[in-house]
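**Student:** Numbering (mature numbering (1 follows the signal peptide of the UniProt record, and there is no 0)), first residue to last: -19 to -1, 1 to 322. For every residue, glycine included, the Cβ atom is placed at its ideal position computed from N, Cα and C. Handing you a structure now.
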């Protein structure tokens, strides 16, 4: 990591010498510079003139990072596959593929029913050391919560709360919430603040979450059976529903996916292929939406799947309000490669 940091510092002003970005050809792909053996994590101070010329000829992308530096990608041969011999992706064994995406009593009942107690057992709250709500997240395994890179910038994050205390009209309540300290956070190495590109992050818990009827992980869109044919997606759109410890019901809103061009037109921002645009059909009375909140739907196999994480949107309440979500499917490999036992 130190070597990568040195490389970023060394190349911070190099864009002045790279007026033109290159297009990768001959089977080469555009990858982070530290992953290319020609450059590795060495400081620019050790580069020869030949190495610098290689950099100029191969640099294919530059992006500002959250902390204000510039990160470079270069055209390089694809790295060797890192999958095990049995073909399973690294990290896949750490996901609960049998129990994910099932709500209370192991049911796959639709989250559309607002009267169902414990219908969102994967909700996670990112909180500060003083116990204040900071952002939303989604439990994907015993040790990891998925959110956005924007949500984990704060150095004051301290713990994750799993499962708000919900009670129904009969007085039946969910189990006591679990407060688990944060061991570390992992942001996408190419995320950047200005345009919220590659806006995805992981929170590693200091200990395993205890799965029960009220705390369960959601599924990720990893294959055909985890895709949805439904046009209805759901999200908790009111920030206070995440922020409050006790609530009688979690209000769930229905949203529909639309072409990314729609959000680009409304928000005057570029919406990338790794993002998705959705509109809320009815205006919501609270425009302060929870960053990192999961956009979900039921897959073909009946499981609830997280397809998006709330990234950014409009600052006013309007009909057909447009919101941009990080497309989780675009980052499944990144997620699996960054989770550990």
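1) Under 7 Å Cβ to Cβ from residue 40, same chain only, skipping five residues before and after it: list those, please.
2) For residue 253, which residues in the same chain have their Cβ closer than 7 Å to its Cβ, ignoring the five residues on either side in sequence?
3) Assign residue 153 to buried or exposed, taking buried as 16 or more other Cβ atoms, counted over all protein chains shown, within 10 Å of its Cβ.
4) Between which two residues does the beta strand (DSSP E) harbouring residue 314 extend?
5) Taking the alpha carbon of residue 260 as the point to measure from, which residue in 110, 306, 320 and 201 has its own alpha carbon closest?
6) Tell me where the beta strand (DSSP E) around residue 159 begins and ends.
7) Closest to residue 239 by CA distance: which of 290, 251 and 257 is it?
8) Quick check on the burial criterion: 16 or more other C-beta atoms within 10 angstroms. Buried or exposed for residue 237?
9) Tell me where the alpha helix (DSSP H) around residue 33 begins and ends.
10) I'd like the span of the beta strand (DSSP E) that includes residue 234, first residue to last.
11) Would you mind giving the Cβ-Cβ distance between residue 195 and residue 156, rounded to the nearest angstrom? I have them listed as a contact below 8 Å.
12) Can you say whether residue 205 is buried or exposed, counting buried as having 16 or more other CB atoms within 10 angstroms of its CB?
13) I'd like the list of long-range same chain contacts for residue 209, defined as Cβ closer than 8 Å, with 5 residues on each side in sequence excluded.
14) If distances are taken between C-alpha atoms only, which option among 36, 121, 302 and 33 comes closest to residue 75?
15) Short of 8 Å in beta carbon distance, which residues of its chain neighbour residue 308, apart from the five on each side in sequence? Order them along the chain.
16) Run through DSSP, which three-state label would residue 196 get?
17) Quick one: is residue 100 buried, meaning 16 or more other Cβ sit within 10 Å of its Cβ, or exposed?
18) Taking the straight line between their C-alpha atoms, what separation do you get for residue 242 and residue 212?
19) Could you tell me which of 181, 11, 234 and 77 sits nearest to residue 199, measuring between CA atoms?
20) Assign residue 246 to buried or exposed, taking buried as 16 or more other Cβ atoms, counted over all protein chains shown, within 10 Å of its Cβ.
**Tutor:** The short version:
1) -2, 2, 3, 53 and 55
2) 178
3) Exposed, by the Cβ-count rule.
4) It is not in any beta strand (DSSP E) - residue 314 instead sits in the alpha helix (DSSP H) that spans 313 to 319.
5) In terms of CA proximity to residue 260, 306 leads the group 110, 306, 320 and 201.
6) 159 to 168
7) Looking at the Cα atoms, 257 is the closest of the given residues.
8) Classification for residue 237: exposed.
9) Residues 30 to 39.
10) 234 to 239
11) 5 Å
12) exposed
13) 278, 279, 280, 281, 286 and 288
14) 121
15) 254, 255, 256, 257, 288 and 289
16) DSSP places residue 196 in the strand class (E or B) of the three-state scheme.
17) By the 10 Å Cβ count, residue 100 comes out buried.
18) 18 Å
19) 77
20) exposed
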